[in-house]
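Input: a single structure, listed below in structure tokens.
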Amino acid sequence: MRKFLCIIVLSAAIAAGRADACTNVIVSPGASADGSSMVSYAADSHHLFGELYFRPAGRFRSGSTLAIREWDTGRPLGSIAQVARTWQTVGNMNARQLIIGETTWGGREEQMDPAGIMDYGSLIYVTLQRATTAREAIQTIVDLANTYGYPSEGETFSIADPQEAWVMDLVGKGADNKGIVWVARRVPDGYICAHANQARITRFPQDDPENCLFAPDVISFAREQGWYEGEDADFSFRDAYNPLDFGGARACDARAWSAFNILCDGIFVYEENGAEVSRPAADWLDYAMGYDLSGEMPLFVKPSRKLTVKDVADVMRDHFEGTPMDMTTDIGAGGNGLPYRWRPMNFTVNGKTYLNERAIATQQTGFWFVAQARGYLPAEVGALIWFGCDDAATSYLTPIYANITKVPECLREGNGDLLHYSPTAQFWMCNRVANACYKMYDRMAPVARAAADGFERFQLEKGVPEMDAKLARLVQKGRLRKARRLMTKYSVETAQKQFADWTKLEELLLVKFIDGNIKAQEEDGSFAHTEYGPGFPKDLQYGGYNDLWKAAVASHPHAPVLESR
Numbered sequence: 143m144r145k146f147l148c149i150i151v152l153s154a155a156i157a158a159g160r161a162d163a164c165t166n167v168i169v170s171p172g173a174s175a176d177g178s179s180m181v182s183y184a185a186d187s188h189h190l191f192g193e194l195y196f197r198p199a200g201r202f203r204s205g206s207t208l209a210i211r212e213w214d215t216g217r218p219l220g221s222i223a224q225v226a227r228t229w230q231t232v233g234n235m236n237a238r239q240l241i242i243g244e245t246t247w248g249g250r251e252e253q254m255d256p257a258g259i260m261d262y263g264s265l266i267y268v269t270l271q272r273a274t275t276a277r278e279a280i281q282t283i284v285d286l287a288n289t290y291g292y293p294s295e296g297e298t299f300s301i302a303d304p305q306e307a308w309v310m311d312l313v314g315k316g317a318d319n320k321g322i323v324w325v326a327r328r329v330p331d332g333y334i335c336a337h338a339n340q341a342r343i344t345r346f347p348q349d350d351p352e353n354c355l356f357a358p359d360v361i362s363f364a365r366e367q368g369w370y371e372g373e374d375a376d377f378s379f380r381d382a383y384n385p386l387d388f389g390g391a392r393a394c395d396a397r398a399w400s401a402f403n404i405l406c407d408g409i410f411v412y413e414e415n416g417a418e419v420s421r422p423a424a425d426w427l428d429y430a431m432g433y434d435l436s437g438e439m440p441l442f443v444k445p446s447r448k449l450t451v452k453d454v455a456d457v458m459r460d461h462f463e464g465t466p467m468d469m470t471t472d473i474g475a476g477g478n479g480l481p482y483r484w485r486p487m488n489f490t491v492n493g494k495t496y497l498n499e500r501a502i503a504t505q506q507t508g509f510w511f512v513a514q515a516r517g518y519l520p521a522e523v524g525a526l527i528w529f530g531c532d533d534a535a536t537s538y539l540t541p542i543y544a545n546i547t548k549v550p551e552c553l554r555e556g557n558g559d560l561l562h563y564s565p566t567a568q569f570w571m572c573n574r575v576a577n578a579c580y581k582m583y584d585r586m587a588p589v590a591r592a593a594a595d596g597f598e599r600f601q602l603e604k605g606v607p608e609m610d611a612k613l614a615r616l617v618q619k620g621r622l623r624k625a626r627r628l629m630t631k632y633s634v635e636t637a638q639k640q641f642a643d644w645t646k647l648e649e650l651l652l653v654k655f656i657d658g659n660i661k662a663q664e665e666d667g668s669f670a671h672t673e674y675g676p677g678f679p680k681d682l683q684y685g686g687y688n689d690l691w692k693a694a695v696a697s698h699p700h701a702p703v704l705e706s707r
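Per the working numbering, the sequence shown starts with residue 143, numbered consecutively.
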């Protein structure tokens, strides 16, 4: 069933999730085409700039401290003891192939600790500097939060290394109880997980440390607070600490459902009571849309095929296309199928509150990535992060090795920010392309998407494999320094060339679609012109509007009608 209106009436002013909400997909090694663990992440904050964080490895004297600033505000929070050695980090990955992503889900207000030092962003980036495996990362996160206090809201972390992938839900214990309550579950090999600003772990095995880890007081603390009264065996982390409501389903879990729906080709295969079960994704559609919260969407599902980086990247470009929540087909999409709704997500008319959908791809993305931990390659080569800026649907991912010695200029920290434009920053150029496409989306976005597809497929099929082979040979010969120089050269030059191509793309979009006209192009990409000169367009077309919009206008009682005579 397809719908025309994706704006729905709410009985009251229901919070529909955070406006800067993020989305993660986690892929276990057995679920990927090349045997890598993968994590995708979109940092969808209105306050984050798209740049590639780079921290070289370091050694520190005893007694050294590390200043902590809140990641997404820059607010000083305090300092912590520095460790003797740190690992190099590039973005949300370190040189030892550890990956960490996150989504925020809030939780109960009384669980925040305003005096805490380790905010959720600092937990990620400090842990990446200190841990080497997913299990070590989980313990490091717990130790940091319990030692120094946790001032942020509830979080779900994606954590992966070359052998394992984990999902971790955590939340603070309040101003009078320093630390966190948490549970982490290993994604079964061959399966995937997804989360989007709603705690995803419900009941969990309490006697399986190989596959499930948790705080010793995760149940008793909920009892003390009056949030749980049942048997230990029936305890659900989500229900105690982030109870699901309409907004949690429709604005958050709906994105996880959509990721599963795409990667599973509409069939969810999952484990239930020790047996593998197969059911249509549509069985959870009412759940995802917030109409029936009695069901429980699987935490882990088996994809319909072994997944590539491209599969995961394209999921991050989703707007619920082909589902009843399709953002390209309602009245809000206008005459050119624009799948975006400017914030806030809710609005009220005549005492009724309405809700716009929140899809995986969104306009306020600061940066996004698909990171790979590739255990089949030498450790110095295997860490690879495909990194992009701004709206995933109209931007590209460029491959960056985590053992590089410097980052590309277009992604360098300090090359522009949200208040200062830089013509050499990838974030700003991707925003220029995206904002151009928003004007006539159904005509312009496919041009940008084709350009991104061509670049990504070439790098996946040729560029990266050829570079991997060269780097692996150098490492095997003990020539690590040369390997690092080569991977740096490749990462920087590839990023800078694609940035230059994206700059040309923005110029193409301006010329091709100016004023709603569409100029024809020849096979070589040049513009078609008449015999009267190169500046006179040939076969010029008008953009117009789609049939859905025309039908909506025609149905209006005061629509102007051109009478035939």
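We treat Cβ as the ideally placed atom computed from N, Cα and C, and that holds for glycine.
If I measure Cβ to Cβ from residue i and keep anything under 8 Å in the same chain, skipping five residues before and after, which residues do I get?
i	result
G408	P422, A423 and A424
Y383	G249, R250, Q253, G296, D311, V313, V323, A341, A364 and W369
G316	E252, Q253, M254 and D255
A199	R227, T228, W229, Q230 and A237
S206	A223 and Q224
L435	L386, D387, F388, A391 and Y429
Q663	K654, F669 and A670
G677	H671
T630	Y543, I546, T547 and K548
Identify whether residue i lies in helix, strand or coil by the three-state DSSP scheme.
i	result
L208	strand
I259	coil
V419	strand
E244	strand
F600	helix
A173	helix
D311	strand
S400	helix
H700	coil
K320	coil
F669	strand
A586	Here the sequence assigns Met to residue 586, which means Ala is not the residue at that position. Looking at M586 - three-state DSSP - the assignment turns out to be helix.
E648	helix
M180	strand
R160	Note that R160 has pLDDT 46, beneath the 50 cutoff, so the model's placement of it is unreliable and the number below is only indicative. Reduced to three states, the DSSP call for R160 is coil.
R238	coil
Y267	helix
Going along the chain, which residues of its own chain have a beta-carbon closer than 6 Å to the beta-carbon of residue i, five neighbours each way excluded?
i	result
R238	W229 and T274
T282	T269, R272 and A273
R345	S378
Am I right that residue i and residue j are in contact with their C-beta atoms under 8 Å? What's the rounded C-beta distance?
i	j	result
A175	M458	About 17 Å separates the two Cβ atoms, so there is no contact after all.
A276	I168	The Cβ separation is near 11 Å, so there is no contact.
T536	A475	That pair is no contact at about 15 Å.
N339	C394	4 Å
A455	L553	With 8 Å as the limit, A455 and L553 do not qualify as a contact, their Cβ atoms being about 17 Å apart.
L480	V575	At roughly 15 Å, the Cβ-Cβ gap does not stay under 8 Å, so L480 and V575 are not in contact.
D331	G172	4 Å
G291	G508	At roughly 26 Å, the Cβ-Cβ gap does not stay under 8 Å, so G291 and G508 are not in contact.
S300	V451	Wrong, their Cβ atoms sit about 15 Å apart, outside the cutoff.
Only counting the same chain, and skipping five residues up and downstream in sequence, which positions put a Cβ closer than 7 Å to that of residue i?
i	result
A614	L519, P520 and V523
A694	I473
F402	A336, F410, A423 and V443
N688	G477, N478, G479 and D584
A503	M458, R459, D460, H461, D533, A534 and A535
M469	C148, H461, F462, A475, P481, E499 and A501
If you compare alpha carbons, which of the options is closest to residue i?
i	options	result
K639	Q601, G476 and D689	Q601
I745	I241, R277 and I259	Lying outside 143 to 707, the shown extent of the chain, residue 745 is not represented and no answer is given.
P218	N688, D453 and I210	I210
A163	V284, L190, K631 and K581	L190
Q514	Y262, I527 and T504	I527
G243	G220, N166, I502 and G172	N166
T636	E418, F597 and P702	F597
Y333	V325, L441 and A357	L441
M235	A279, V284 and A257	A279
K680	Y687, H671, N688 and G258	H671
W510	D186, Q305 and Y684	D186
P196	S697, L704, E551 and G372	Reading off the sequence, residue 196 comes out as Phe, not Pro. When each option's Cα is compared against that of F196, the closest is E551.
H188	L194, D214 and N577	D214
S420	S204, P304, P445 and R623	P445
Is any beta-carbon of chain D found at less than 9 Å from that of residue i?
i	result
V323	Protein chains in the displayed structure number just one, and chain D is not present.
Residue ranges of each alpha helix (DSSP H) run of no fewer than 4 residues wholly in the region 500-584, ordered along the chain?
521-524 and 568-579
Give the list of continuous alpha helix (DSSP H) stretches no shorter than 4 residues that lie fully inside the region 323-388.
360-366 and 379-383
Going along the chain, which unbroken runs of the beta strand (DSSP E) with 3 or more residues stay wholly within the region 464-492?
488-491
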